[in-house]
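Chemist: Heads up: the sequence lines are chains A and B, in that order. Using our numbering, read the first sequence as starting at 1 and increasing by one per residue. Using our numbering, read the second sequence as starting at 692 and increasing by one per residue. What follows is a structure written as structure tokens; I'll ask about it next.
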Amino acid sequence: MSLEKKLRNIGISAHIDSGKTTLSERILLYSNKIHAIHEVRGKDGVGATMDSMELEKERGITIASAATNVQWKGTPINLIDTPGHVDFTVEVERALRVLDGAVLVLCSVGGVQSQSITVDRQLKRYNVPRLAFINKCDRTGANPYKVKEQLVDKLGLNAVLAQIPIGLEDKHLGVVDLVKMRAVYFEGDDGLIVEERDIPAELKTEAQAKREELLDALSMISDELAELFLAEKEIPEKLINAALRKGVIAREIVPVFMGSAYKNKGVQTLLDAVVNYLPAPEDVENFVLDLDDNEKEIPLKSDPAAPPVLLAFKLEDGQYGQLTYIRIYQGSIKKGDELYNTRTRKKFKVGRLIRMHSNNMEDISDADCGDIVALFGIDCVSGDTFTRPGLNYSLTSMYVPEPVISLSIEAVDKKSSDNMSKALNRFSREDPTFRSYVDDESNQTIIQGMGELHLDVYVERMKREYKAIVKTGMPQVAYREAISKKADFDYTHKKQSGGSGQYGKIVGYIEPLSAEGLYEFVNEIKGGKIPTEYIPACDKGFKTAVKKGTLLGFPIVGVKVTITDGQSHSVDSSDMAFQLAAIGAFRQAYAKAGPEILEPVMKVTVEGPSEFQGNVFGSLNQRRGVIVSSVEDGNNSQVEAEVPLSEMFGYSTALRSLTQGKAEFTMEFLKYGRVPKSIAEELIRNYQEKK
Amino acid sequence: MVKSELIQRSPLRILEKSINGGLGKGNIAFVASKKGVGKTACLVHIATDKLIRERNVIHVSFAKRTDHIIRWYEDIFNEIAKKRNLENPLAIHDEIIRNRVIMNFNQRNIDISQILKSLDAMIVGGNFKADAVIIDGFEIEQMSLEGLKKIKEFAQKLNLEVWVSASLKKNDLTFDENGLPYELADLLDAIDVLITLKYDEQNIRMDIAKDRDDGAFHDRHLFLDPKTLLIIDSEF
């Protein structure tokens with residue numbers, strides 16, 4: 001077995017508060033990299049190692065994904081810590097891109113919650129094989145069996161128990177391994193001593209029954225195993241492990257492990273499972289796009305001798321400069337190698353090569369394909385592809401949603417202002433969903449992102465990491481404008497004020513695009529009424545016009561422009577004249593085309609005890625929400641609704657007070673929807689007044 | 692076809708006529724058949740017809756997930772829109788979603804009072820003025836006359852109509868000589884309108900087995916199209 005066959009790149013994906021950071025911390029401990037355990041919200045103020053940013057420590061959540069290298073029984077594992085909150089999904093998705101496998105962590109009490117569903121959907125999108133780990137089996141109300149059922153029912157996964165618990169709640173002592181049919185206990189300080197014993201008598205029947213279920217599921221994957229199972233013969237452990245590995249990599253089965261990271265139970269057995277069942281880099285097929293060959297997909301080879309193909313997936317501003325995390329998809333790199341950034345078309349030399357352990361780093365001289373390492377001082381943005389000079393490859397662009405919310409910010413003094421620019425520059429390189437620009441009209445700096453919390457975190461980071469104190473304005477929703485019907489235009493642009501004049505006449509119509517398109521331009525002019533050389537100028541003029549609608553000044557989407565006729569002048573017509581004619585023509589037709597305002601509508605999921613249902617329904621209804629469904633499961637209920645983003649400001653506070661803090665919600669962008677007439681009128685009035 | 696015409700020409704107008712102008716607020720209707728004949732499709736069509744007429748509907752289900760119920764609505768709506776060549780289907784579709792709420796109950800052996808409590812939370816607490824409640828998939832063994840009376844009381848208090856599906860389990864002797872299912876005998880008193888679905892050669896026949904105080908009333912004008920499971924009148 002070669003070295004890279006042994007490597008694992010894994011992520012830990014989870015609902016917030018399901019104990020993901022604690023689990024990461026324990027993994028680091030057991031792999032002998034750190035020697036003390038600090039609780040996430042510990043009193044000693046040291047905080048968990050994976051949460052490298054101060055802010056995360058304070059909030060008890062993990063914001064940025066740091067890649068950490070650990071060793072488990074001789075297998076190197078790159079652990080990518082993914083943030084759990086939906087507002088940071090791009091960070092999650094970027095981390096997922098470079099993973100070969102994931103551990104889906106669930107709370108044994110809370111089970112599959114709305115965020116687990118989001119996280120699982122992301123894992124599905126990137127075809128990431130996964131194991132499930134049911135954490136917090138020591139908590140009151142722990143029921144891993146129920147959570148396993150939820151994995152099947154709610155996530156549609158073929159989940160099977162690979163372990164059963166030995167005791168639950170305060171009697172949780174360890175697990176029964178259903179493959180080996182042994183009881184596993186975790187003893188000594190920090191549970192460092194793993195002991196295998198016979199299965200306790202009272203659990204024997206249960207263990208046998210669950211093992212049958214496991215084997216039954218595996219017999220669908222391995223014919224060899226199926227034969228032995230049907231013949232009721234002894235099935236060797238090796239064969240079970242091979243079938244599990246095959247099923248996990250093919251994403252046909254999700255084995256379920258359990259324990260309590262906090263109480264040091266089940267973490268080592270989970271690590272064994274990671275090594276045994278999750279794929280090595282070469283078990284996963286990856287593709288690159290050849291930019292010289294019409295973006296043709298080329299499979300990548302897990303061969304250290306092949307030309308290098310690397311993805312920069314994460315940038316971090318450390319004490320010593322910019323750190324770029326890369327995943328090597330093909331080939332290998334060493335210090336002093338020359339690489340080529342296919343986006344900027346610039347060559348650069350590999351300087352320091354680093355392997356990261358959360359905040360400590362280790363200098364290395366080379367790295368092979370499959371590995372995740374970091375480079376120092378490279379000028380790039382996240383998502384860039386690096387190759388050998390001469391190759392023009394790009395790894396598929398990562399899905400980046402458009403920002404839905406914006407906020408004006410203003411530095412309080414000169415020093416803050418300088419620091420603010422530095423910070424903004426950094427953040428927009430790190431996070432493709434975070435953008436900033438200076439508004440031409442108001443001269444204000446505007447930041448854009450995926451949600452209130454997303455922007456809040458960056459404002460906080462500016463303060464903490466960059467000492468930039470900023471005042472923020474009211475969050476502003478990113479509206480769009482659209483037309484609702486077809487309208488004609490017949491417009492002549494004419495100017496004669498001495499010297500050469502300007503002349504251009506355009507006739508045609510605009511109509512709504514049926515699909516989700518943004519803009520389309522069709523030229524139906526016959527007989528050269530507008531000479532071919534001016535057609536691109538018309539297109540350009542229309543493109544300029546749709547950038548800013550007249551209702552609210554937001555971009556116009558979903559317009560198809562068709563030009564059918566026109567006129568030119570042999571002397572006075574020019575590119576400029578036709579551009580201006582197109583802008584005029586568009587404005588003329590736009591007013592007649594039933595212009596409307598569209599607003600971002602979010603998919604909101606609220607979860608909480610059923611007793612507060614009425615309040616939750618009421619709060620969503622009040623916010624112009626459409627309740628799509630409500631699901632009751634015992635005392636817990638989950639409400640799914642579509643609510644305009646503009647109505648969601650301050651919802652977390654409102655929800656907390658309506659439900660005594662017992663309900664929580666998540667939201668993500670769903671679609672753009674029409675703004676009701678009365679509200680649209682008010683928005684337009686406000687906009688006109690401001691102008 | 693524009694919306695108003697679609698509403699007028701809906702086969703459900705014939706159903707309404709057959710049951711003397713419709714079910715009416717405060718009343719309970721049952722749609723009963725064996726498993727897999729088309730109860731859900733039939734109820735979803737009835738609900739969709741109300742939604743198109745801008746009434747608010749709550750659909751109560753007992754499935755594991757809600758997405759396949761939503762898919763039922765999508766399918767039935769698409770079939771109607773296609774068959775009648777409906778104008779501006781997207782806008783009408785948006786409106787329908789706004790007027791519909793799906794409430795799903797996952798727990799086993801749920802009690803009628805719990806369902807009514809949640810409905811009350813939606814209608815009163817959530818300010819969702821429902822005109823009709825569809826209850827699909829409730830086990831009839833667990834339905835008692837007393838429970839049904841509670842539903843009726845609730846329907847009267849909140850001024851809405853209730854449509855319930857009943858899955859008939861017994862294989863032989865499902866219906867008595869009046870076309871009434873044996874399994875519902877104990878509940879008949881509280882059922883205002885009872886519609887049964889049966890296979891009839893090529894089609895699925897809808898019979899009105901009970902209409903308030905009138906007994907059997909076999910006005911056979913309605914069928915379910917076995918392909919689309921839409922309600923159709925016999926002339927088709």
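Even for Gly, the Cβ is constructed at its ideal location relative to N, Cα and C.
Could you give the C-beta distance for L742/B and I787/B, rounded to a whole number, given that I count them as a contact under 8 angstroms?
Modeler: With a Cβ gap of about 4 angstroms, L742/B and I787/B count as contacting.
Chemist: Which residues in chain B have a C-beta closer than 8 angstroms to the C-beta of I627/A? List them in chain order.
Modeler: What I627/A touches in chain B: V792, M813, G817, F819.
Chemist: By the 10 Å Cβ neighbour count, where 16 or more other Cβ atoms means buried, how is S858/B classified, buried or exposed?
Modeler: S858/B should be labelled buried.
Chemist: Alpha carbon to alpha carbon, how far is V98/A from Q638/A? Give it in angstroms, no decimals.
Modeler: Cα to Cα, Q638/A sits roughly 32 angstroms from V98/A.
Chemist: Are any of the Cβ atoms in chain B nearer than 7 angstroms to that of F617/A?
Modeler: By this cut-off, F617/A is an interface position.
Chemist: With 9 angstroms as the limit, tell me which residues of the stretch 153 to 171 of chain A have their beta carbon closer than that to any beta carbon of chain B; keep them in chain order.
Modeler: The residues in question are D153, K154, G156.
Chemist: Would you call the stretch 584 to 604 of chain A and the stretch 470 to 486 of chain A in contact, with 3 or more CB pairs under 8 angstroms?
Modeler: Segments in contact, yes.
Chemist: Assign D692/A to buried or exposed, taking buried as 16 or more other Cβ atoms, counted over all protein chains shown, within 10 Å of its Cβ.
Modeler: Residue 692/A lies beyond the stretch modelled for chain A, which goes from 1 to 691, so this question has no answer here.
Chemist: Given P917/B, which residues of its chain have a CB within under 7 angstroms of its CB, disregarding the five upstream and five downstream residues?
Modeler: Excluding residues within five positions, the ones whose Cβ falls inside 7 angstroms are Q893, N894, I895.
Chemist: Which runs of the alpha helix (DSSP H) fall wholly inside the stretch 114 to 157 of chain A and span at least 4 residues, in chain order?
Modeler: List check, alpha helix (DSSP H) in window: 114 to 125, 144 to 153.
Chemist: Which residues does DSSP pair with T605/A in a beta bridge?
Modeler: Bridge partners of T605/A: E640/A, T666/A.
Chemist: Do you know offhand how far F376/A's Cα is from P432/A's?
Modeler: Going by the C-alpha atoms only, they are around 20 angstroms apart.
Chemist: Whole alpha helix (DSSP H) runs in the stretch 214 to 301 of chain A with 4 or more residues, listed along the chain?
Modeler: You should have 223 to 230, 237 to 249, 267 to 277.
Chemist: Going by C-alpha distance, which of N419/A, H454/A, S417/A is nearest R435/A?
Modeler: If we check each option's Cα against that of R435/A, H454/A comes out closest.
Chemist: Can you give the Cα-Cα distance for R139/A and N800/B, rounded to whole angstroms?
Modeler: R139/A and N800/B: Cα-Cα distance of roughly 27 angstroms.
Chemist: What are the residues of the stretch 834 to 850 of chain B that lie near chain A, defined by any Cβ-Cβ distance shorter than 9 angstroms?
Modeler: Result list empty, no residue passes.
Chemist: Verify the CB distance criterion: does T757/B have a CB-CB separation below 7 angstroms to chain A?
Modeler: Chain A contact via Cβ: present.
Chemist: Pull up the CB-CB distance for V256/A and A423/A, whole angstroms please, since I reckon it's below 8 angstroms.
Modeler: Not really, about 43 angstroms apart at Cβ, beyond 8 angstroms.
Chemist: Tell whether a beta-carbon distance below 7 angstroms holds between S752/B and D827/B.
Modeler: Taking 7 angstroms as the Cβ cut-off, S752/B and D827/B qualify as a contacting pair.
Chemist: Less than 7 angstroms between C-beta atoms, sequence neighbours within five positions excluded: which residues of the same chain meet that for S428/A?
Modeler: Here the set comprises F434, R435, S436.
Chemist: Could you tell me which uninterrupted alpha helix (DSSP H) segments, each at least 4 residues in length, are contained entirely in the stretch 756 to 837 of chain B, listed from first to last along the chain?
Modeler: Runs found: 758 to 774, 780 to 789, 803 to 811.
Chemist: Mapping the DSSP letters down to three states, classify Y479/A as helix, strand or coil.
Modeler: Looking at Y479/A - three-state DSSP - the assignment turns out to be coil, as it is neither helix nor strand.
Chemist: What does the Cβ neighbour count give for R41/A, buried or exposed, with the cut at 16 atoms within 10 Å?
Modeler: Confidence is the limiting factor: at R41/A the pLDDT is only 45, short of 50, which leaves the residue's position unreliable and the question unanswerable from this model.
Chemist: Closest by CA to S619/A, which one among E632/A, S629/A, V643/A?
Modeler: Taking only the C-alpha atoms, the option nearest S619/A is V643/A.
Chemist: Can you give me the start and stop residues for the beta strand (DSSP E) that D170/A sits inside?
Modeler: No beta strand (DSSP E) contains D170/A, which DSSP labels as neither H nor E.
Chemist: Compare the beta carbon distance of I253/A and V103/A with 7 angstroms and say whether it is the shorter of the two.
Modeler: No. Outside cutoff.
Chemist: Looking only at C-alpha atoms, which of R791/B, M834/B, N818/B, R789/B sits nearest to I803/B?
Modeler: Comparing Cα-Cα distances from I803/B to each of R791/B, M834/B, N818/B, R789/B, the minimum goes to M834/B.
Chemist: Alpha carbons only, please: which of T445/A, P389/A, S382/A is nearest the one belonging to V412/A?
Modeler: Answer by Cα proximity: T445/A.
Chemist: What are the uninterrupted segments assigned as beta strand (DSSP E) that are 3 or more residues long and contained completely in the stretch 177 to 206 of chain A, given in chain order?
Modeler: The stretch 177 to 206 of chain A contains these whole beta strand (DSSP E) runs: 182 to 187, 193 to 197.
Chemist: Please report whether the beta-carbon of D138/A lies at a distance below 7 angstroms from any beta-carbon of chain B.
Modeler: Not an interface residue.
Chemist: If you pair each beta-carbon of the stretch 496 to 503 of chain A with each one of the stretch 571 to 581 of chain A, do three or more pairs fall below 8 angstroms?
Modeler: Flag = yes, the stretch 496 to 503 of chain A and the stretch 571 to 581 of chain A touch.
Chemist: Given a limit of 7 angstroms on CB to CB distance, which residues of the stretch 709 to 732 of chain B reach chain A?
Modeler: Correct list: empty, as no residue qualifies.
Chemist: Does the stretch 516 to 531 of chain A touch the stretch 602 to 617 of chain A, meaning 3 or more C-beta pairs lie closer than 8 angstroms?
Modeler: No: fewer than three Cβ pairs fall under 8 angstroms.
Chemist: For R692/A, tell me which candidate among T659/A, L230/A, S222/A has the shortest Cα-Cα distance.
Modeler: In the structure as shown, chain A starts at 1 and stops at 691, and residue 692/A therefore has no counterpart that could be examined.
Chemist: Between the beta-carbon of V404/A and the beta-carbon of P281/A, is there less than 7 angstroms?
Modeler: Against a cut-off of 7 angstroms, the Cβ pair of P281/A and V404/A comes out as no contact.
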